[in-house]
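Counting along the sequence shown from 1, when you hit position 129 you're at 129 in full-length UniProt numbering, and nothing is skipped either side.
Note that CB positions come from ideal geometry on N, CA and C, so glycine has one too.
Predicted, not measured: the structure shown is a model, and the values here were computed from it.
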Amino acid sequence: MVHLVLFQPEIPQNTGNIARTAAALGFPLHLIRPLGFRLGDKRLLRAGLDYWPHVDLRVHDTWEAFLGALPPEARVWAFSARAEQSLYEARFQEGDYLLFGPETRGLPPGILARFPGVRIPMPGPVRSLNLAVAVGVYRQLSVG
């Protein structure tokens with residue numbers, strides 16, 4: 001099991017889809033405020049379908065509150081298009097925290113400097129993946 005962490009997510013449909021993925025895989029989902037939507041947003045709830053009772057949802061009011069909740073041995077991986085290490089080179093372990101930034105701006109430089117960065121290689125002309133798809137790419141790698 002790993003932890004999925006969304007830093008200041010902006011789009012409720014992406015977060016709802018990621019919540020479904022978290023419920024399906026049994027991964028805790030951490031949301032770090034501020035959020036770009038309310039937790040009762042109809043678009044968020046619709047994207048998560050009727051799986052919300054199965055989501056281990058943990059909401060942190062600030063980045064500092066999230067850091068304070070981490071166990072001392074926690075390993076955090078910061079996903080970013082600007083990271084040098086490929087997802088395929090990283091050695092993930094049970095209990096790791098996979099950190100994803102907001103859809104329009106990604107993770108701030110200070111966070112990227114603190115944790116190992118991981119990028120999803122995209123040799124084609126596409127600049128980035130949808131956040132919900134990026135979260136799913138990790139799962140494909142971890143089982144294959």
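Burial is judged here by how many other beta carbons sit within 10 angstroms of a residue's own beta carbon; Y97 has at least 16 and is buried.
In this structure P12 is buried. Its beta-carbon is surrounded by 16 or more other beta-carbon atoms within 10 angstroms. For V137, the three-state secondary structure derived from DSSP is helix.
Per DSSP, the beta bridge partners of V5 are H30, L99. Using a 10 angstroms sphere on the CB of N17, the tally of other CB atoms reaches 16 or more, which defines it as buried. A direct Cα-Cα distance of roughly 11 angstroms separates D41 from G48. Separation of the CB atoms of H54 and H30 is rounded to 16 angstroms, and the pair is thereby denied contact status at 8 angstroms. In chain order, Y51 place their CB closer than 8 angstroms to the CB of A24, counting only its own chain and leaving out the 5 sequence neighbours on each side. Judged by DSSP in its simplified three-state form, A81 adopts coil rather than helix or strand.
If you check the CB distance, F37 and H3 do not come in under 8 angstroms.
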